[in-house]
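Worksheet for the structure shown next.
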DNA sequence: ATGGTAGTCAAACTA
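Structure representation (structure tokens):
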């Protein structure tokens, strides 16, 4: 089984590229983040025509996560228990955002995750990010406590660079989110709960990234960040036979600022 | 030159 994750930065502006990529990538399950649309705007017919079942959650032009699967799509869950809420404006009741979607695909519990950005080190959004990751750690860790053989994949845009060589120049990030110790500790918490970065062994650094900012010629300068991850439970990690980051997809007009991350699993 | 790009939705916000 081949599993992939991709922050597409708007599915409506990217649907042609995603479709073309699916047609040549032989992917069984694709998790999407930042679809930036409501459910009724998601172009599910385009993917159904390629043989994929589709699940999506999106409430507005922000966030939005989806799962495409041609190996079954059942037990769809919108959000995870205890997922924190967020309100962008004072006076507006906080609500759960479209940042997590889970389903069973080919016997694997796959979660498409779009971790909150954090924005700046002093922004309340950073606290929201940390609380969101802590809630994920608690519940994903709980699944493993209940079933040590559980096949779970936590995939998506984590908005964290866990190690210094996951960014092109750590000195540029001294006052930035994504590399701060609290964020890295939150990421480590998920790892220590039993989830492993299954891609890194097949894509060793330094200089290997999944995201390049649109500005400042970051991509041609090879100035990126490794912030998109596939974290596997022990039973899933055992099945991994290969992985790659499809850097080619960051090239050309109409590219997302993230590249797809692909993992191969033994049957 | 005090910016630089891209997306959503049409001024400002998010990344």
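Residue numbers (full-length UniProt numbering): 1 to 267.
Ideal Cβ positions, reconstructed from N, Cα and C, are used throughout, including at glycine.
Leaving aside the five residues that flank residue 55 on each side, the residues in its chain whose CB is nearer than 7 Å to its CB run, in chain order, 66, 67, 73, 76, 101 and 103. It is roughly 14 Å from the alpha-carbon of residue 187 to the alpha-carbon of residue 139.
Spanning the alpha carbons of residue 150 and residue 233 requires a straight line of approximately 7 Å.
In this structure, residue 8 places its C-beta atom within 9 Å of the C-beta atom of residue 34. Residue 240 places its beta carbon less than 9 Å from that of residue 266.
For the 9 Å CB-CB criterion, residue 228 and residue 168 do not form a contact. Separation of residue 141 and residue 80 (C-alpha to C-alpha, rounded to the nearest whole angstrom) is 12 Å.
Under a 10 Å Cβ-count criterion, residue 248 is classified as exposed, with fewer than 16 other Cβ atoms of the shown protein chains found around its own Cβ.
When DSSP reads this structure, residue 95 sits in a beta bridge with 86. Between residue 4 and the set 192, 154, 165 and 170, the nearest pair of CA atoms involves 154.
Note that the C-beta distance between residue 214 and residue 257 is below 9 Å. Spatial neighbours of residue 36 in its own chain (CB-CB distance under 6 Å, excluding positions within 5 residues in sequence) are listed in chain order as 10, 61 and 64. For residue 25, no beta strand (DSSP E) segment is defined; the enclosing uninterrupted segment is the alpha helix (DSSP H) at 11–25. In the assembly as shown, residue 183 is a buried residue. Its beta-carbon has 16 or more other beta-carbons within 10 Å. Residues 25, 26, 27, 28, 29, 262, 263, 264 and 265 of the same chain have their beta carbon placed closer than 8 Å to that of residue 2, with the five preceding and five following residues left out of the count.
Annotated three-state conformation of residue 132 is helix, per DSSP.
Closest in alpha carbon position to residue 210, among 59, 165 and 196, is 165. One Cα belongs to residue 125, the other to residue 116, and the distance between them is close to 7 Å. In this structure, the straight-line span from the alpha carbon of residue 20 to that of residue 98 is close to 26 Å.
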